[in-house]
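Here's the structure, in structure tokens; my notes come after.
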Amino acid sequence: MSGLGRVVRSGVRRRRVQTLVTGLATMLAVTVSVLGGSLLVASDGPFDRAFAGQHGAHLTARFDASRTTAEQLTSSAHAAAVTAAAGPFGTATLDPHTGADLGLPANASLPPMTVVGRTDPGGPVDDVTLLRGGWASGPGQIVLADSYGSPVQDLGTVLDYPELPGDPKLTVVGFARSVSRTADAWVSPAELASLGAPGTAGGYQMLYRFASAGSTAQVAADRAAVASATPPGALVGAQSWLVTAQGTNRNTALFVPFLVAFGLLGVLMSVLIVGIVVSGAVGTGTRRIGILKSLGFTPAQVVRSYMGQALVPAAVGTAVGALAGNALAIPVLSATADVYGTTTSGVAPWVDVVVIGGALGLVTATAWVAALRAGRLRTVDALAVGRTPRAGSGRRAARLAARLPLPRPVSLGLAQPFARPARMAGMVAAIVFGTAAATFAVGMGSSLNWVQAAKNHDTADVVVNAFGPPTGSAVAGPGAPSNVTPHRTRATADPAAITAAVNAQAGTEKYFGTAGTEVTVPGVAGTTSVFAFSGDSSWAGFTMVSGRWFTAPGEAVVPSTFLTASGTRLGDTVTLQDHGKAIGVRLVGEVFDPHTQTDEVLTEAATLAPAEPDLHPETYSIKLKPGTDAAGYATALNGTLAPLGVTAGSGRSHGESGTIVALDALTALLTLILVATAGLGVLNTVVLETRERVREIGVAKALGMTPRQTVTMVLASVTVVGLIGGAVGLPLGLALHAVTVPAMGHSAGLDFPAVAIDVYPDSELALLGLGGVLIAVLGALLPAGWAARTRTVTALRTE
Amino acid sequence: MMSTPVIELSGVSRRYQEGPAALDQVSLTVRAGESVAIVGPSGSGKSTMLNLIAGLDRPSAGTVTVDGTRVDALSEAGSARFRRAKIGMVFQFFNLLDDLTVADNVMLPAEMAGTGRGAARRRAGELLAALGIERHARAYPGRLSGGERQRVAVARSLMNRPPLLLADEPTGALDSASGEDVKALLNELHADGQTIVTVTHDLTLAQACATRTVTIADGRIAADVRTEAVR
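Chains as they are written, first to last, in the working numbering: chain A, 1 to 799; chain B, 800 to 1030.
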């Protein structure tokens, strides 16, 4: 082995702490960068990538089985412009009820579901991703789409279909995701055939991809081509992928700025920490460099040896970090895919290549600059490092600190960082990033929970679903997936009977009813949903962005999306075309409603009475008197409502949404990693500082400094750094949050009210500000313990 | 009448890993008011003995008692508290903290022991005046000569009025003029009744300051001679 090789090897072995810290810092930095880079990639057009990955359906078409045959539909795959097709698959819209094991009232009605019979999830179009469990291959099995809006979350859950012959029960054996949202559930073709409801014609689903489907006009032309290739009137409904893309993109747009901010924060912090650690490690070797030079090493050899000493642990750290990053990316990207409603294909190979190359390049460059500086020092000066006093550095701080009425170990520690301003700046920067990340994460968590609360608007204690048993065919009810064409309707039960039951039930404080209908609004494309409220709905839980809740017929509140689509402002009057009648409503409030994917208007039911006198509430939201047991109330009310065929259940949201859970988990994980990385930066700096001061510490211990006082001194030395880092990082995190949250809203077409941004209570701000101190103290604990344990005689001997 | 023992080493050995004993079965008693020089060649074990007396190191065998306290049985914190109360230390390379002024260096042991800053400042002022360096109180150690720095170190060692002063090669890093200065200082302290143990390989220092010279060779006491210091 050459002399240079021996120097590198001995440097790596003898300076174990720095070798370990360099390796750890590089590992964490690479892990964070892989995650951050993957988040950035995943946030770049998530729907388009997932749609392409699943060979998504440009058109999801539904055919009336009584007007066409499977063979005719198969041949429609040869229609003009069709490049790929899947199907025909049998399909039906069914009304599931809860079994006994859902934690909900038994036999409660779940949202209608479009069920498709498919032998497997794959295929040339709509290559469905199985998320959990297996595919439905046998009788009595069903796979639910994760987009199906129900509280069913567990495999093995049994769904009941009481209106079908034989009261069939299907067990959930899997959960799957179709980016094209072609179904709410899938069963085997044989199972679908056995589920045929009496009095309803069967249906077929065909999935098409076209050569050109980038615009509404192109998709319309494609649809026409398919219609002309099938018997007249057979095509009864079709869903364009553009509508699905619009809805999904609106949802994902809400979260893209958040994940991009986290990704960038991670990458930037990684660069910073690696820079701090490597330059610090090389910088402390200056005296050794002097010795090497006195032995005849040229500056170039010195530079090479120190680059080698930095690169050996960095290479190991990079390799481990890349593995850890790829392993951690699996749950992180899976959670991200849940947020985006897409699928994950793992870490993009180029992300690994860029991160690994970037990390090693950064280490090389940093080590090169630091070693070059040390290598250029005159040998005699390099040898003198640590043996001669540093002129003037930190003395003023030491003098000032000594005057403070604090125990001497504390004042000694407080002055220490000022002796090395550059090193202190690096440590402050690490803490700034850590504090900013924690502040941002806490704020995002609060904002997202606020969004969730606003989305739920679940202020009712008990809700009565007023739909009676299914009766026939034709239109969708509220809550039905927007991309399917329901073929049966369910009439609402007698409203007078329901309200009589609610009024008679002990514990009722107040209630309102909600009905849904569709109208058109001049200037707004497509249909607009109208939610019509009966009774005092002011407590419904909708959050106002501006204006007020409606108080009289003829007034309405709308979400930001409607204002944008209609080009109106509060105070304007818009015309609702309802059943051929024009109804003017004055917009009095802007409501925050992030879950809507269509334009909507909220008003009093009386507003629509001229056009729809028979519009009855589909749900009744009930507020109970204080002290009333909601479950007992619902059970008692269900007893009264049973003859009407409707059920009452909890009005509270069933836990957090999957999206919020995923985002919370992501936030927690990323924050933990960023804070740990910041702590590692502190640890490295304090290790360097403590090693450099080991002789001073030895002197102090020889003069009677106890181990506890030694720990106090080291921790005090980082406290001031932590305070400064916290003081800078806190406003930085707040600013990042204040920029990101509105950006999330704007990209989703929503205006966030101030209350969604001002989510930090004063006590939380104080705690977050002290978070910098916490990061600093946690990072300094290990070296402080080491300093306290170092034997005085050893410390005094240390050069 | 024999004065009270300040140091009692009984059968003390110190071994480092598998090598030969740095100290081997050494027994030594030093009484209050004595000024003892421990001399011997490099590696003979004299610094090891000093470290054991100061509680900076622990013996492999035997007991070390200083001013009635079993130093070898103290915890790390206990020996730190013991040092600041009972022992003043002077080092070859002064070991002053560069970032602190002379006064702050001198005050440090008292402040570490919890003495108020005002009281510590008064005591430091007295000591600096007594040692003739009060004009340097606000200066930093880097600006002083070697002799002046060692005077500061001596002032610091006396801050808590320790019954025992340990000096490790106190003239080893000084020119001859400064060395003479320090010798005179140690003699003055001894004349005032201070018990002093000085480790040195400088026989002239031993002759000048010590009333007793203990010679160590290969970890054992080779000679223990009472002398009269050359004043």
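For glycine and all other residues, C-beta sits at the position ideal for the given N, C-alpha and C. As the structure is a computational prediction, the values presented were derived from the model and not from experiment.
When DSSP labels each residue in this structure, what does residue i get in the three-state scheme?
{"i": "methionine 269(A)", "result": "helix"}
{"i": "glycine 729(A)", "result": "helix"}
{"i": "alanine 1016(B)", "result": "strand"}
{"i": "methionine 848(B)", "result": "helix"}
{"i": "threonine 471(A)", "result": "Confidence at threonine 471(A) is low in this model, with a pLDDT of 42, below 50, so its placement is unreliable and no value can be given for it."}
{"i": "isoleucine 583(A)", "result": "strand"}
{"i": "arginine 789(A)", "result": "helix"}
{"i": "lysine 807(A)", "result": "Lying before the first or after the last residue shown, residue 807(A) is absent from chain A, which here runs from 1 to 799."}
{"i": "threonine 388(A)", "result": "With a pLDDT of 49 at threonine 388(A), under the threshold of 50, the modelled position of this residue cannot be trusted; read the value that follows with caution. In the structure shown, threonine 388(A) sits in coil (DSSP, three-state: anything other than H, G, I, E or B)."}
{"i": "histidine 487(A)", "result": "The pLDDT assigned to histidine 487(A) is 34, lower than 50, so where the model puts this residue is not dependable, and the model offers no usable value."}
{"i": "tyrosine 148(A)", "result": "coil"}
{"i": "valine 1024(B)", "result": "strand"}
{"i": "tryptophan 368(A)", "result": "helix"}
{"i": "methionine 958(B)", "result": "coil"}
{"i": "lysine 455(A)", "result": "helix"}
{"i": "tyrosine 620(A)", "result": "strand"}
{"i": "arginine 948(B)", "result": "helix"}
{"i": "tryptophan 450(A)", "result": "helix"}
{"i": "asparagine 894(B)", "result": "coil"}
Out of the options, state which residue places its alpha-carbon closest to the alpha-carbon of residue i.
{"i": "glycine 280(A)", "options": "Arg373(A), Gly357(A), Arg423(A) and Ala466(A)", "result": "Arg423(A)"}
{"i": "alanine 648(A)", "options": "Leu170(A), Thr667(A) and Ser621(A)", "result": "Ser621(A)"}
{"i": "aspartate 856(B)", "options": "Lys701(A), Arg708(A) and Gly627(A)", "result": "Lys701(A)"}
{"i": "serine 944(B)", "options": "Val905(B), Ser846(B) and Gly978(B)", "result": "Gly978(B)"}
{"i": "leucine 736(A)", "options": "Ala441(A), Ser194(A), Ala540(A) and Thr517(A)", "result": "Ala441(A)"}
{"i": "glycine 203(A)", "options": "Val277(A), Ala229(A), Gly266(A) and Gly90(A)", "result": "Gly90(A)"}
{"i": "alanine 234(A)", "options": "Trp350(A), Phe752(A) and Leu73(A)", "result": "Leu73(A)"}
{"i": "leucine 143(A)", "options": "Leu164(A), Glu163(A) and Pro189(A)", "result": "The residue asked about is misnamed: residue 143(A) is valine in this sequence, not leucine. Comparing Cα positions, the closest option is Pro189(A)."}
{"i": "aspartate 664(A)", "options": "Trp135(A), Ser717(A), Val332(A) and Thr543(A)", "result": "Val332(A)"}
{"i": "glutamate 618(A)", "options": "Gln239(A), Gly513(A), Ala359(A) and His97(A)", "result": "Gly513(A)"}
{"i": "glutamate 689(A)", "options": "Leu404(A), Pro421(A), Arg177(A) and Leu272(A)", "result": "Pro421(A)"}
{"i": "alanine 676(A)", "options": "Gln301(A), Met444(A), Ser212(A) and Leu774(A)", "result": "Leu774(A)"}
{"i": "alanine 636(A)", "options": "Pro707(A), Ala501(A) and Arg304(A)", "result": "Ala501(A)"}
{"i": "phenylalanine 47(A)", "options": "Thr528(A), Gln205(A), Ala795(A) and Thr344(A)", "result": "Thr344(A)"}
{"i": "proline 495(A)", "options": "Gln709(A), Gly138(A) and Val646(A)", "result": "Val646(A)"}
{"i": "alanine 565(A)", "options": "Ser180(A), Pro522(A), Gly580(A) and Gln577(A)", "result": "Pro522(A)"}
{"i": "serine 411(A)", "options": "Leu899(B), Arg830(B) and Val863(B)", "result": "Leu899(B)"}
{"i": "alanine 860(B)", "options": "Ala876(B), Ala820(B) and Phe892(B)", "result": "Ala820(B)"}
Just confirm the distance between the C-beta atoms of residue i and residue j, as a whole number of angstroms; I'd bet it's less than 8 Å.
{"i": "glycine 854(B)", "j": "glycine 1018(B)", "result": "That pair is no contact at about 20 Å."}
{"i": "alanine 335(A)", "j": "leucine 666(A)", "result": "5 Å"}
{"i": "glycine 117(A)", "j": "valine 187(A)", "result": "6 Å"}
{"i": "alanine 217(A)", "j": "alanine 81(A)", "result": "Contact doesn't hold; Cβ gap of about 13 Å is too wide."}
{"i": "alanine 185(A)", "j": "methionine 269(A)", "result": "Incorrect: roughly 44 Å between the Cβ atoms, too far for contact."}
{"i": "proline 858(B)", "j": "serine 812(B)", "result": "6 Å"}
{"i": "aspartate 95(A)", "j": "valine 236(A)", "result": "Wrong, their Cβ atoms sit about 19 Å apart, outside the cutoff."}
{"i": "valine 889(B)", "j": "histidine 935(B)", "result": "In fact, because the Cβ distance is near 17 Å, the residues do not count as touching under 8 Å."}
> Taking any Cβ of chain B, which residues in the stretch 675-702 of chain A have a Cβ under 9 Å from it, in chain order?
Replying inline: Those residues of the stretch 675-702 of chain A that come within reach of chain B (Cβ to Cβ, closer than 9 Å) are Arg695, Glu696, Gly698, Val699, Ala700, Lys701 and Ala702.
> With contact counted as at least three CB pairs below 8 Å, one residue from each stretch, are the stretch 910-926 of chain B and the stretch 844-856 of chain B in contact?
Replying inline: The stretch 910-926 of chain B vs the stretch 844-856 of chain B: no contact.
> Are the stretch 119-130 of chain A and the stretch 83-102 of chain A touching by the rule of at least three beta carbon pairs closer than 8 Å?
Replying inline: Short answer: they touch.
>> At a CB distance below 7 Å, what residues from the stretch 1013-1025 of chain B approach chain A? Give them in sequence order.
In response: Answer set for the stretch 1013-1025 of chain B: empty.
>> Under 8 Å, with one C-beta from each stretch per pair, do the stretch 416-434 of chain A and the stretch 678-689 of chain A reach the 3-pair mark?
In response: Yes: the two stretches touch, three or more of their Cβ pairs being nearer than 8 Å.
> For the stretch 261-275 of chain A against the stretch 24-42 of chain A, are there 3 or more C-beta pairs whose distance is under 8 Å?
Replying inline: At 8 Å Cβ cutoff, the stretches touch.
>> Quick test of the definition: if touching needs 3 or more C-beta pairs under 8 Å, does the stretch 958-977 of chain B touch the stretch 986-994 of chain B?
In response: The answer is yes - the stretch 986-994 of chain B touches the stretch 958-977 of chain B, with three or more Cβ pairs under 8 Å.
>> Using a Cβ-Cβ cutoff of 8 Å, what residues of the stretch 704-716 of chain A are near chain B? List them in chain order.
In response: For the stretch 704-716 of chain A, which is checked against every Cβ of chain B, the residues closer than 8 Å are Gly704, Met705, Thr706, Pro707, Arg708 and Gln709.
> Using a Cβ cut-off of 8 Å, which residues of the stretch 759-785 of chain A contact any Cβ in chain B, in chain order?
Replying inline: Result list empty, no residue passes.
> What are the residues of the stretch 901-927 of chain B that lie near chain A, defined by any Cβ-Cβ distance shorter than 7 Å?
Replying inline: Within the stretch 901-927 of chain B, the residues whose Cβ lies closer than 7 Å to some Cβ of chain A are Asp903, Leu907, Pro908, Glu910, Met911 and Ala912, listed in chain order.
> Of the residues that make up the stretch 868-898 of chain B, which ones have a beta carbon closer than 7 Å to any beta carbon in chain A?
Replying inline: Taking 7 Å as the Cβ-Cβ cut-off against chain A, the residues of the stretch 868-898 of chain B that qualify are Glu875, Ala876, Ala879, Arg880, Arg882, Arg883, Met888, Asn894, Leu896, Asp897 and Asp898.
>> Output needed in chain order: residues of the stretch 852-867 of chain B with a Cβ under 8 Å from some Cβ in chain A.
In response: Residues Ala853, Leu855 and Asp856.
> Are the stretch 305-322 of chain A and the stretch 341-360 of chain A touching, with three or more C-beta to C-beta distances below 8 Å?
Replying inline: The stretch 341-360 of chain A and the stretch 305-322 of chain A touch, with three or more beta-carbon pairs separated by less than 8 Å.
> Quick check: the stretch 863-875 of chain B against the stretch 691-700 of chain A, are there 3 or more CB pairs under 8 Å?
Replying inline: Short answer: they don't touch.
>> Using 8 Å as the cut-off, can you tell me whether the stretch 399-413 of chain A makes contact with the stretch 301-311 of chain A, which would need three or more C-beta pairs spanning the two stretches below that distance?
In response: Taking 8 Å as the limit for Cβ pairs, the verdict is that the stretch 301-311 of chain A does not touch the stretch 399-413 of chain A.
>> Check whether the stretch 608-615 of chain A and the stretch 457-464 of chain A touch, using three or more Cβ-Cβ pairs below 8 Å as the test.
In response: Contact between the stretch 608-615 of chain A and the stretch 457-464 of chain A is absent, because fewer than three Cβ pairs lie under 8 Å.
> Of the residues that make up the stretch 803-832 of chain B, which ones have a beta carbon closer than 9 Å to any beta carbon in chain A?
Replying inline: In summary, no residue of the stretch 803-832 of chain B has a CB separated from any CB of chain A by less than 9 Å.
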